[in-house]
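Shown next, in structure tokens, is the structure this report addresses.
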Amino acid sequence: PGEPGRPGPPGPPGPGPGGYIPSFYSPKIAFYAGLRKPHEGYEVLRFDDVVTNVGNYYEPSSGKFTCPLPGIYFFTYHVLMRGGDGTSMWADLMKTRPGDGMLGGVPDGRAPQVRASAIAQDADQNYDYASNSVILHLDAGDEVFIKLDGGKAHGGNNNKYSTFSGFIISPD
């Protein structure tokens, strides 16, 4: 036999995002961040010590992950209650869609929805953890974040006492 021939021309783009075939498309979307500053009351926790942010879809200044691609995602969070400042702290994982959640004064399904909750309680006013994990289907533009529902969260300077992370399991 003779020498191999020259490579042929590229094929047509596939039907998936960026021309990939969906079953072979493996997007890289993941984040992991810690909490540097204390938070209290009913604040959105801004995990501002970002260690991993593949794709840059987690925004530390707002504390929110914005979904770029519809699919199944996994999230987990661990929030350390500030000891000596009370005996309870609640932390909720929230999912919302862009917009104010109201259409003509009626909820339109975009209002923030609690998707996971955790509580830390300690009668001795010591430190305690509130943690939970969730698997969610998200649409592009959905936001996921952690919000205090009372109590005080400990920020650990450069230590990662309180953390929030997530990643895509499978795109649609």
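For the sequence shown, the positions run 109 to 280 when the numbering used here is used.
From the three backbone atoms N, C-alpha and C, an ideal C-beta is built for every residue, glycine too.
None of the values given here were measured: they were computed from a predicted structure.
Residues that residue i bridges to, as DSSP identifies them
{"i": "Asn240", "result": "Tyr185"}
{"i": "Ile276", "result": "Tyr181"}
{"i": "Lys260", "result": "Glu148"}
Nearest to residue i (by Cα), restricted to the options the options
{"i": "Gly259", "options": "Glu151, Lys136, Glu111", "result": "Glu151"}
{"i": "Ser283", "options": "Pro120, Asp200, Glu148", "result": "Given that the chain is displayed from residue 109 to residue 280, the structure contains no residue 283 and the question cannot be resolved."}
{"i": "Val158", "options": "Gly149, Glu148, Arg144", "result": "Arg144"}
{"i": "Phe139", "options": "Pro279, Met197, Thr271, Asp280", "result": "Thr271"}
{"i": "Pro220", "options": "Ala228, Ile277, Arg205, Gly171", "result": "Arg205"}
{"i": "Asp280", "options": "Gly110, Cys175, Gln229", "result": "Cys175"}
{"i": "Gly249", "options": "Gly116, Lys203, Ile227", "result": "Lys203"}
{"i": "Thr160", "options": "Ala141, Asn234, Tyr237, Ser196", "result": "Ala141"}
{"i": "Leu153", "options": "Tyr185, Gly113, Ser278, Gly274", "result": "Tyr185"}
{"i": "Ser196", "options": "Gly122, Pro168, Asp257, His245", "result": "Asp257"}
{"i": "Pro168", "options": "Asp247, Ile276, Ile254", "result": "Ile254"}
{"i": "Asn164", "options": "Ser225, Ile180, Lys136", "result": "Lys136"}
{"i": "Tyr235", "options": "Met189, Asp247, Val222", "result": "Met189"}
Residue i vs residue j beta-carbon contact at 7 Å
{"i": "Pro146", "j": "Gly263", "result": "yes"}
{"i": "Val252", "j": "Phe155", "result": "no"}
{"i": "Phe183", "j": "Gly274", "result": "yes"}
{"i": "Gly179", "j": "Ile276", "result": "yes"}
{"i": "Ala228", "j": "Tyr237", "result": "yes"}
First through last residue of the beta strand (DSSP E) which encompasses residue i
{"i": "Ser225", "result": "221-229"}
{"i": "Lys255", "result": "251-256"}
{"i": "Asp247", "result": "Careful: Asp247 lies outside any beta strand (DSSP E) and carries neither H nor E."}
{"i": "Tyr140", "result": "138-142"}
{"i": "Ser196", "result": "196-204"}
Counting only runs that start and end within the segment 146-173, where is the beta strand (DSSP E) found for 3 or more residues in a row?
Segments of the beta strand (DSSP E) lying fully in the segment 146-173: 157-162.
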